Structure formats: structure tokens, C-alpha cells
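*Asks:* Chain order of the listed sequences is W and L. Quick note: the first sequence uses the working numbering, first residue 2, plus one each step. Quick note: the second sequence uses the working numbering, first residue 15, plus one each step. The beta carbon of each residue, even a glycine, is placed where N, CA and C say it ideally should be. Just so you know, these numbers come straight off a predicted model, no measurement behind them.
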Amino acid sequence: MTAMTRSEGVWSLAWQRLQGDRVGLVSMAVVALFAVLLLAAASGLVASNWQAERGVSYAPPTLLGPAPEFAAMPGMPASGAAGPAQPLLDLTSVDPLAPRYAEWDTATKKQSIETVTQSPTLPFGGDRLGRSVLDKAIKGSQISILVGVLAAVVAAVIGTVLGAFGGFFGGRIGDGLEWVYNVFTSIPGILLILAFAAVLGRGVTSVVLILGLTGWTGIYRLVRAEFMKHAGRDYVRAAEAIGASPLQRMFRHILPNVSHIVLVQLSIHVVGFIKYEVILSYLGLGVSVDQVSWGTMLAEAQSELILGYWWQLATATLFMAVFVTAFSLMTDALRDALDPKLRGLED
Amino acid sequence: MATLLRIEDLNVRFRLGREQGQAKTQPRWGRAVGDDAGGITFDIPENTTVALVGESGSGKSVTAMSIVNLLPDNAERSGRILFDGRDLLQASTAELRALRGRAIACVFQDPMGSLNPVFTVGAQIAEPLRLHLGLSRRAALARAEELLAEVGLPEPKRRLSAYPHALSGGQQQRVMIAMALACEPRLLIADEPTTALDVTVQRQILELLARLKAERRMSMLFISHDLGVVGEIADQVVVMRQGKVREAGPVAAIFTAPQDAYTRALLACRPRLDGTARRLVVIDEHIAGEAGQAVTAPASPAVPRDASAPVLIEARGLCKSFPIREGLFRSRAFKAVQDVSFTLRRGHTLGVVGESGSGKTTMGLTLLRLHEATAGQVLFDGQDLFALQGVARQALRRRIQIVFQNPYASLNPRFTIGQTLLEPMQIHAIGTDDRDRAARALALLERVGLDATAFGKYPHEFSGGQRQRIAIARALTLSPEVLVLDEAVSALDVSVQAQVLNLLKDLQDQLGLAYVFISHDLAVVRFMADEVLVMKDGRVVERADAQTLLAAPREDYTRRLLGAVPRGYTTTQ
Numbered sequence: 002m003t004a005m006t007r008s009e010g011v012w013s014l015a016w017q018r019l020q021g022d023r024v025g026l027v028s029m030a031v032v033a034l035f036a037v038l039l040l041a042a043a044s045g046l047v048a049s050n051w052q053a054e055r056g057v058s059y060a061p062p063t064l065l066g067p068a069p070e071f072a073a074m075p076g077m078p079a080s081g082a083a084g085p086a087q088p089l090l091d092l093t094s095v096d097p098l099a100p101r102y103a104e105w106d107t108a109t110k111k112q113s114i115e116t117v118t119q120s121p122t123l124p125f126g127g128d129r130l131g132r133s134v135l136d137k138a139i140k141g142s143q144i145s146i147l148v149g150v151l152a153a154v155v156a157a158v159i160g161t162v163l164g165a166f167g168g169f170f171g172g173r174i175g176d177g178l179e180w181v182y183n184v185f186t187s188i189p190g191i192l193l194i195l196a197f198a199a200v201l202g203r204g205v206t207s208v209v210l211i212l213g214l215t216g217w218t219g220i221y222r223l224v225r226a227e228f229m230k231h232a233g234r235d236y237v238r239a240a241e242a243i244g245a246s247p248l249q250r251m252f253r254h255i256l257p258n259v260s261h262i263v264l265v266q267l268s269i270h271v272v273g274f275i276k277y278e279v280i281l282s283y284l285g286l287g288v289s290v291d292q293v294s295w296g297t298m299l300a301e302a303q304s305e306l307i308l309g310y311w312w313q314l315a316t317a318t319l320f321m322a323v324f325v326t327a328f329s330l331m332t333d334a335l336r337d338a339l340d341p342k343l344r345g346l347e348d
Numbered sequence: 015m016a017t018l019l020r021i022e023d024l025n026v027r028f029r030l031g032r033e034q035g036q037a038k039t040q041p042r043w044g045r046a047v048g049d050d051a052g053g054i055t056f057d058i059p060e061n062t063t064v065a066l067v068g069e070s071g072s073g074k075s076v077t078a079m080s081i082v083n084l085l086p087d088n089a090e091r092s093g094r095i096l097f098d099g100r101d102l103l104q105a106s107t108a109e110l111r112a113l114r115g116r117a118i119a120c121v122f123q124d125p126m127g128s129l130n131p132v133f134t135v136g137a138q139i140a141e142p143l144r145l146h147l148g149l150s151r152r153a154a155l156a157r158a159e160e161l162l163a164e165v166g167l168p169e170p171k172r173r174l175s176a177y178p179h180a181l182s183g184g185q186q187q188r189v190m191i192a193m194a195l196a197c198e199p200r201l202l203i204a205d206e207p208t209t210a211l212d213v214t215v216q217r218q219i220l221e222l223l224a225r226l227k228a229e230r231r232m233s234m235l236f237i238s239h240d241l242g243v244v245g246e247i248a249d250q251v252v253v254m255r256q257g258k259v260r261e262a263g264p265v266a267a268i269f270t271a272p273q274d275a276y277t278r279a280l281l282a283c284r285p286r287l288d289g290t291a292r293r294l295v296v297i298d299e300h301i302a303g304e305a306g307q308a309v310t311a312p313a314s315p316a317v318p319r320d321a322s323a324p325v326l327i328e329a330r331g332l333c334k335s336f337p338i339r340e341g342l343f344r345s346r347a348f349k350a351v352q353d354v355s356f357t358l359r360r361g362h363t364l365g366v367v368g369e370s371g372s373g374k375t376t377m378g379l380t381l382l383r384l385h386e387a388t389a390g391q392v393l394f395d396g397q398d399l400f401a402l403q404g405v406a407r408q409a410l411r412r413r414i415q416i417v418f419q420n421p422y423a424s425l426n427p428r429f430t431i432g433q434t435l436l437e438p439m440q441i442h443a444i445g446t447d448d449r450d451r452a453a454r455a456l457a458l459l460e461r462v463g464l465d466a467t468a469f470g471k472y473p474h475e476f477s478g479g480q481r482q483r484i485a486i487a488r489a490l491t492l493s494p495e496v497l498v499l500d501e502a503v504s505a506l507d508v509s510v511q512a513q514v515l516n517l518l519k520d521l522q523d524q525l526g527l528a529y530v531f532i533s534h535d536l537a538v539v540r541f542m543a544d545e546v547l548v549m550k551d552g553r554v555v556e557r558a559d560a561q562t563l564l565a566a567p568r569e570d571y572t573r574r575l576l577g578a579v580p581r582g583y584t585t586t587q
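(1) Using DSSP bridges, identify the partner residues of W/S294.
(2) Consult DSSP for L/P178 and reduce its assignment to one of helix, strand or coil.
(3) Just verifying my parser: in three-state terms, what is the DSSP assignment at L/R339?
(4) L/H442 touches chain W at which residues, Cβ-Cβ below 7 angstroms?
(5) Counting only Cβ pairs nearer than 9 angstroms, list the residues of chain W close to L/Q408.
(6) Under the rule that 16 or more other beta-carbon atoms within 10 Å means buried, what is L/D23, buried or exposed?
(7) Name the chain L residues that come within less than 9 angstroms of W/H258, Cβ to Cβ?
(8) Whose C-alpha, out of W/R250, W/V134, W/L210, is nearest the C-alpha of W/T63?
(9) Run through chain L and tell me which residues come within less than 7 angstroms of W/R234, C-beta to C-beta.
(10) Compare the C-beta of W/A239 against all C-beta atoms of chain L and say whether one is closer than 8 angstroms.
(11) Counting only runs of 4+ residues fully inside the stretch 328 to 390 of chain L, write out the alpha helix (DSSP H) ranges in chain order.
(12) Pair every Cβ in the stretch 180 to 188 of chain W with every Cβ in the stretch 115 to 133 of chain W, then say whether three or more of these pairs are closer than 8 angstroms.
(13) Can you check the stretch 64 to 111 of chain L for any beta strand (DSSP E) of at least 3 residues that lies completely inside it and give the ranges in chain order?
(14) Kindly indicate if chain L contains any beta-carbon less than 8 angstroms away from that of W/H254.
(15) Taking L/L162 as the reference, give the member of L/M190, L/D274, L/V498 with the closest Cα.
(16) Kindly indicate if chain W contains any beta-carbon less than 8 angstroms away from that of L/Q391.
(17) Any heavy atom of the ligand ADP within a distance shorter than 7 angstroms of the CB on W/A33?
(18) Taking the alpha-carbon positions, what's the L/V503 to L/Q482 distance?
(19) Between which residues of its own chain and L/V254 is the CB-CB distance below 8 angstroms, once the five residues before and five after are set aside?
(20) Hey, quick one: how far does the alpha helix (DSSP H) through L/R173 stretch, first residue to last?
(21) Would you identify the three-state DSSP class for L/F236, choosing helix, strand or coil?
(22) With 8 angstroms set as the bound, which would you pick, yes or no: does the beta-carbon of L/E7 sit closer than that to a beta-carbon of chain W?
(23) With a threshold of 16 other CB atoms inside 10 Å of the CB of L/E198, please say whether the residue is buried or exposed.
(24) To which residues does DSSP link L/M549 through a beta bridge?
(25) Can you tell which of L/A560, L/V546, L/Q561 has the C-alpha that lies nearest to the C-alpha of L/V675?
(26) So with CB distances below 8 angstroms, who are the chain W contacts of L/R278?
(27) In chain B, what lies closer than 8 angstroms to L/F418 by C-beta?
(28) Mind checking L/R27: buried by the 16 CB within 10 Å criterion, or exposed?
(29) For L/F269, which residues from the same chain have a beta carbon less than 6 angstroms from its beta carbon, with the 5 sequence-adjacent residues on both sides left out?
(30) If you measure from the beta carbon of L/Q415 to each beta carbon in chain W, is any gap under 8 angstroms?
(31) On the CB-based measure, 16 or more other CB atoms within 10 Å of its CB, does L/T375 come out buried or exposed?
(32) Of all the CB atoms in chain W, is at least one closer than 8 angstroms to the CB of L/L382?
(33) Taking the continuous alpha helix (DSSP H) assigned at L/Q187, which residues delimit it?
(34) Just to confirm, is the Cβ distance from L/Q123 to L/E221 under 8 angstroms?
(35) Measure the Cβ-Cβ separation of L/V354 and L/M377 and say whether it is below 8 angstroms.
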């Protein structure tokens, strides 16, 4: 009984097919890169002090060089207002505070004033407070991707469980779930999200819950249809005949056979939810004020753009566009690899 | 006789993706017809029916479809197909399109799938008439009505405006034939036209095809896996196996003096209505046996049935009805099974025959409580089967198991064979641990004739016959006393069918199993069953000893059913 050879399953076959897909592999590599970045940001290796005001206010990107007003005097901000030309009048005799000056001077010497050198330029520019836009974008990736993935997982779990019950049992349970589904889909999506946001308030957890609780309907519908189809199949009947309980039949037998659909839906929803988080944060309903996400960056960029400071917008957009595009392409490749029926004839 | 169609040195291969690893990827090919030595060659003379016979994978359909190039895009054909002296392989798409439906027409296996569900029958028959003959709408419809009358559809005028779903399978196939005949083709390609139909309907369609062929003086290429059917309808027979022609000749020669070992084996391994064999001959054994001059199968000593064996199942007045919605609020009960009673003794086999829709499968599923019975009682070893709940019900499940018709659908594709076999034992806590269960599973695999390497494989790596063996092994994991075999061999090739039937017989003898053997095939039921129930519209029409039933059927319906069974080539033709 030792070392039973186990043949290649569906997943390893899918992986083989995926290896032939160049676009899919590149997009997977990009997504993996983002994942590494996310882990590094979460563990504090990069962009941990994104809140530090490292540059001057609205420091331009290094590539463009410093802004013109700073270019004239490099040693800033040491130069304050110029002092008077003549020597000052001695007022010691009449100054009631004079005896304490010496005391204060010694006290002052004990304190050291660190003059923060705020650099005139930053790699991807700075925001209003002089924070590095690059650090913000990296830290923002962490929040945005985390929100997108977690919300998609929540939505997929809700949609799959409800869809499984609705499709497998039908009847009263199915009707009841259809009612819930219809109520959810009859309300315009963004309105529903805003309603949930108003109740749950700001914060990462809230955003995940909002998106998860409103976004499960599409997955529910698909999973329900698949479960209806599979519930009558012979292999499920055969499982019933050997005495498998309904839950075993649903989640041990049918679920693995429809899991590729859930997986593909999950990754499609990740992309969608990242965009929704951006919208929510832009509207001020997203993550809390002491956190940064691509959405809050875009929200800030709105007012900056009028003043001609475009780099925050550009950076946030670049990060988001690269990730979302790579993720979408990866999803397509996954679907092709997992569902061979969709592919045309190979040539 | 002039030759209408000549197939010369035909090779067909399919591109199956690309080889990995090389700098330049090479297309991978799978050959369907022909081999390195050369392609296949045969003629279809005018006014003749040529039958292509073979098991699945023999390349018979691919050969037929390559005539009018209805093959998928990844197929590559070489050789010559001469129709009226013109090479169809060189013909352009436009030329072929003009030919299809006009001079060469096709009828396919599944009439439901071949008819477009959103068009009326009239519109679909009129289409080729307007396309090829340029008839006006009115004239085309009038002609369509004549055609429907010609193929024997009652009330042809009313049928013109009917949609396909309103017709039965046999009527749909008649419509397909009417469409094929619309432009008076010179060659009709019929690809398993009766395989999806009941025996009685099959009989009607065969007679219709034979009559039409004689009346219209056309040629027919008739593709079938069933030698019985072929023997009745064909003038010439071409036997194919693995993409090669094994034997070709007039039907009388093929049936009375087959030259090829494979043809002889094919003829021998089919259960016969008048046969009394204890075991069926298996093709490979037969071919191997011929070399050693042992043509008859090794006859195992027949285990005599113990007529006083204890009664395992006693069904009384079993009924099952399904509610059918009518209108908004009303619903009507559709009675699928009505008042069925029978007894099954340990070690015996109860055959259940009937046409599709006769309720035989529903009856089988009700026995396992995969459907809940509406009324009636089934006593299993004295216990009321339908009253059991909870633990007692689960315990009884072990004692009655089922094998389904389609082995491709009844195994979970994401489970390895090992998982499939271990699951029932885990659910019922048979065996001490998974090691012990795996040992039992391996023993069962050996028992059904598969080796231990099957344990880690997935269902898609097995052929239909092997999968059916696995399904039987799964049912046996629980050591049941009754096995419901729901058309368990109907989806299998003749040779595989013989192997599985032999296996079932052996298992019955060794384990003392009782079978409820549900089938539409009377010859197979004759081979397996001790007692036979004949069902029609949910009712038992006749119940008798298998021998008596076939020798002296009392009911009209049974006689019709028996009369419709194709008997192959007979000299009285």
C-alpha cells in the first residue's frame, strides 16, 4: 500500500496548460511582484514611514528637478527673514525678563534642535505635506489589494454557500434565497454600497464588509446554476446511493467540480472591488484618514491637479493600472487553463 | 452496377495540440482513419445500401463525415473520395455546400440535437428546398407536407407548424429523414440513425429507410455498431476496427462465412434472443481462441438457481408520480410508475424491460429511495424500506446498491479511483482505518479485473468499460445483497458489453448477489434474467419466467417488442 502513484489531477493539467500561455505567465509574474511588495509593506520592510514629511511641500519628481523657487536658493529652509542692519539697542536695564536670559540660554543649550533637511525633490514627487508619493503608493497598494482580495473572498464565500444551498435544494430554500438575491439586485449597486457605508462607517474592515456583502450576487447566480446542473448528475446520485449526506454531496462532490468557476469569479471580483474601494475612498467613505490607499491618493490628487501637481495622480494611476491589468490577464489565463471547454481548437 | 462513390486510400488525422520542449513546436497528430500502410478503400455502388460497422473509435463516423467534410477544423484528410468521378477532397467549400443536402444528405444519431428547437418543422424542411431547388415559400411548404406524408408522419399538415419538442424521438427522426430526402439526394448518409430510439421505433425507421431507398433508387451509407440492424438493412457490409477495414463484402457472405477473425468474434459475442450460453464470448478471447481452435467459450458449470432462496425484496403496489404544473396554480400528477409488484429472491435476477418512458428507471431509483415512492410498500428482508429513517435507513443502504447507465457521468471526475472506492467505506465505517479500506478497495479492483495502478488514477484515464467496472466495484464496497443495474451495459460497445455481462454473472455466482437488471435490450435481459417484468407506461404488462416470456409471450405488447428486435441477417430475407 505504500507509494501509490497518483495521476495528474485537474489542477496539474491546468498548470501545464498555463505554462504554454506567455501572457498569462507574465501577468502572473507581475501579480507575484505585487504580492511580494505587499508582504514587504505589511512587515514594515518598505514604506513603513510613509507618513514622514521627507520633502518640501509638493516636491516634484526627481526626474523633473526641483521647483523653480527652490532652484534659486539651494540651502533652504535655513534662510529666514533678514535681520535689521544696525546693532540692537541694549534694553537690559529695563527688561524685567533680563535676569532669566542666562538661565534660558543654558536650558536652550540642553535641547538640541534638529533641522530636518527636506529634500527639494522626491523620486515620484511629494504631496502637500511633503510625503513621498512612491511610499504612499506602495503602502496604498497594501491596503487596496488587501481590501480587494478580502472583499472578493467574503463575496465568494457568501455567494458559493448561498448558491450551493439554493441550487442543490431548490424548493422553499431556493425560493427564499432567490428573494434575497432579487432584493439585493433590485437596488442600484452604488446606492447599496453607500447605504452600507453609512451604517458601517470608515475603515478597512468596513470596506471589506461593504463590498463583500453587496458583491456576492453574481457569484451566487453562477454557482446556483452550476449546482442545479450537477445535483441531478449520476455521480451525485451515486454518492447519494452510497449514503453520502446532502452536505457531503454539496461540498465534497459538487464543489470541487465547480471550483474553477468560483476561482475565476473570485479573481474577476478582486479587480472590481479594488476599483470600488478607490471610488469609496474617493468619496470619503473608504479607509480611515490615517491610512492611505490608491483611492485616498486619487481623492487628494483632485485638488492638487488644479495647482499643477500631477504626480500623485500619475503614480496612483500607474500602480493601479499595472496591477489591475496584470490581474485581469491572469484571470483570463486561469479561466482558459481551468476550463478547457472554452478554448477553441488548439493550433 | 455503376459506382456512385469511391473512397480511395483515405487517411484522416486530427491535430491535437503541440509538442512541448522543442525550439519549434511541432503539431501532434492523432490518426483516426488509415495507418502507415495506407488508407481505407471501399465503393458505394448505385442503388445499394452499404453498412459501415465497427465499435466506438473504429473511425466509421469519421470516414462518413469526411465525405462531405463535416469534420472539425483540426482534421486533415488525404487520399481520394470520388463522387461521380469528381474528387470531393479537392472540392471548394462552395462546391461542397452545393452538394451537401442536394446530392448527398445526412441523418444523424440524435434527432433532438439535430433539429433546431426554435424553428417549426415546416420551416426546417422547407429550408433545403428553397436553398437548393429555389422553390417559393408556398411551394416549399407544400412539398414539405408531401415529404412528411412520405416518411409516414400522421397529420402532416398539422405537423408543419409543430416545433421539434412536440414530437417524439421517432417522429423527430422521421422529420430528419424528410429533410434529408427533400432534394432527392443520390446518397444518404445515415450515422447511427436508430441508436437513440426504442426497438419498436427502430423497427419502423429501418423499414422506412429500406422502403425509401427502394422507391427512390438511391444509395445509402448506413453506419451502425449493431450487427443485428446491419444484417437487416444492408446489401454490402464494411467492417472497421481501429481505423482500418477488416473485411468488406456482401451481407450474406459477412454473416454466413465471415473471413476475418474480428468479424467472427463480433458476431459471436453478441447475446442472442435464442441463445442459451452461460457466458458470452469476448472478442480478444475469441480471436486468441481461434488460433487454438477453441471457438466456444469455456463453459463454466451453470450454478442452478435455488428456487426456494429467501425473498429479499417484495414490492407491493409501488407507485411514483411527479407533479406537473398546469397553468398558474393547478398541478397534475404524472404517474411514472403505477402499481408495480414483484418479488426478488437472493441470488436471482429480475429483468425489467420496456421502452423509454415506461418507468423502469424510475422504479429502480425508487427502490434505492433516490426517488421517494408515492404509494405502495417494499419489504426488504421483511423490513419496510420506505418507513426506515436515520441509522436504520443508512444501514439498509449498504444492502442495496446501484450501477448507472453512463459510466462517464457516474464517477466524480475530481476523485481518484481510490477516493471513489474509499468514500462509501468511510461513510459506513467499514474497515478499521484507511489502510484497511485501501486493501479492501484493491481487492475489489482485482475482482472486477483492474490492476492496482488504477487506484491513483482519475476516471478520465479509463475507457467506458473500465469505468463501468469501477462503478461496479464502488457498489460492491458496501457488500450489498441487491444490485440495481440501470441500463448498466447499454452505453458500452458489444465486446465490452460481453465482458461486463460476464463479470456480472461471475460476481453473482461468487457473492450470491440479487440483481434488478433494467434494460431496453431484450437479448441482454434474456442472457441475464431469471424472471422478467415487461413495463409500459408505468405499469407491468407481463411478468413471467425469462424462458417462457421469450418463447411464448402472452401479451400483445411483449410480442411487438420481441418482433422488433433486429435479428441480423436471415436467409428468409
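*Replies:* Per the coordinate set shown:
(1) On the first sequence, position 293 is the one that residue 294 of chain W refers to. In the DSSP output, where bridge partners are listed per residue, W/S294 has none listed.
(2) Against the second sequence, residue 178 of chain L aligns to sequence position 164. The answer is helix: DSSP assigns L/P178 an H, G or I state.
(3) Working through the second sequence from its first residue, we reach residue 339 of chain L at position 325. Strand, per DSSP.
(4) Position 428 of the second sequence, counting from 1, holds the residue named residue 442 of chain L. Going along chain W in sequence order, the residues near L/H442 (Cβ under 7 angstroms) are G244.
(5) Residue mapping note: residue 408 of chain L aligns to position 394 of the second sequence, counting from 1. The contacting residues are G244.
(6) Sequence index remark: in the second sequence, residue 23 of chain L carries index 9 (1-based). Classification of L/D23: exposed, given that the 10 Å Cβ count is below 16.
(7) Locating residue 258 of chain W in the first sequence gives position 257, where the first residue counts as 1. In the sequence under discussion, the amino acid at residue 258 of chain W is Asn, which differs from the His named in the question. Result: N426, P427, R428.
(8) Position 62 of the first sequence holds residue 63 of chain W. W/T63 has its Cα closest to that of W/V134, out of W/R250, W/V134, W/L210.
(9) Here residue 234 of chain W refers to the residue found at position 233 when the first sequence is read from its first residue. In chain order: A423.
(10) Sequence index remark: in the first sequence, residue 239 of chain W carries index 238 (1-based). Output row for W/A239: interface = yes.
(11) 374 to 381
(12) no
(13) 89 to 97
(14) Within the first sequence, numbered from 1, the residue matching residue 254 of chain W stands at position 253. Chain L, which has a Cβ nearer than 8 angstroms to the Cβ of W/H254, makes this yes.
(15) Position 148 of the second sequence holds residue 162 of chain L. Answer by Cα proximity: L/M190.
(16) What you label residue 391 of chain L is simply residue 377 of the second sequence in a count that begins at 1. By this cut-off, L/Q391 is not an interface position.
(17) No copy of the ligand ADP appears in this structure; indeed no ligand is present at all.
(18) Here the question's residue 503 of chain L lines up with position 489 in the second sequence. Here the question's residue 482 of chain L lines up with position 468 in the second sequence. Taking the straight line joining both Cα atoms gives about 8 angstroms.
(19) As a working note, residue 254 of chain L is residue 240 in the second sequence. What sits at residue 254 of chain L in the sequence shown is Met, not Val. Same-chain partners within the cutoff: I54, L66, V67, G68, S72, G73, K74, T77, R260.
(20) Position 159 of the second sequence, counted from the first residue, corresponds to residue 173 of chain L. Residues 170 to 173.
(21) For the purposes of this step, residue 236 of chain L is taken as the residue at position 222 of the second sequence. In the structure shown, L/F236 sits in a strand (DSSP, three-state: E or B).
(22) Residue 7 of chain L cannot be examined here, being either before or after the span of chain L that is shown, 15 to 587.
(23) The sequence position of residue 198 of chain L within the second sequence is 184, counting from 1. It counts as exposed.
(24) The residue you call residue 549 of chain L lines up with position 535 of the second sequence. In the DSSP output, where bridge partners are listed per residue, L/M549 has L/G368, L/V554.
(25) As shown, chain L starts at 15 and ends at 587. That puts residue 675 of chain L outside it, with no answer to give.
(26) Counted from its first residue, the second sequence places residue 278 of chain L at position 264. Within 8 angstroms Cβ-Cβ: nothing; L/R278 doesn't reach chain W, min ~35 angstroms.
(27) Included in the structure are the protein chains W and L, with no chain B among them.
(28) In the second sequence, counting from the first residue as 1, residue 27 of chain L sits at position 13. Its Cβ being crowded by 16 or more others within 10 Å, L/R27 is buried.
(29) Stepping through the second sequence from its first residue, residue 269 of chain L is reached at position 255. If we look at L/F269 and ignore the five residues flanking it on each side, its Cβ neighbours are G245, Y583.
(30) Position 401 of the second sequence, counted from the first residue, corresponds to residue 415 of chain L. Answer yes: the Cβ-Cβ gap between L/Q415 and chain W drops below 8 angstroms somewhere.
(31) Taking the second sequence and counting its residues from 1, the one referred to as residue 375 of chain L is at position 361. So L/T375 counts as buried.
(32) Your numbering for residue 382 of chain L matches position 368 in the second sequence. Chain W contact via Cβ: present.
(33) Counting from 1 along the second sequence, the entry for residue 187 of chain L is found at position 173. Counting along the chain, the alpha helix (DSSP H) containing L/Q187 begins and ends at 183 to 195.
(34) Start at 1 with the first residue of the second sequence, and residue 123 of chain L comes out as number 109. Start at 1 with the first residue of the second sequence, and residue 221 of chain L comes out as number 207. Cβ atoms of L/Q123 and L/E221: not closer than 8 angstroms.
(35) Locating residue 354 of chain L in the second sequence gives position 340, counting from the first residue. Locating residue 377 of chain L in the second sequence gives position 363, counting from the first residue. In this structure, L/M377 lies closer than 8 angstroms to L/V354 by Cβ.
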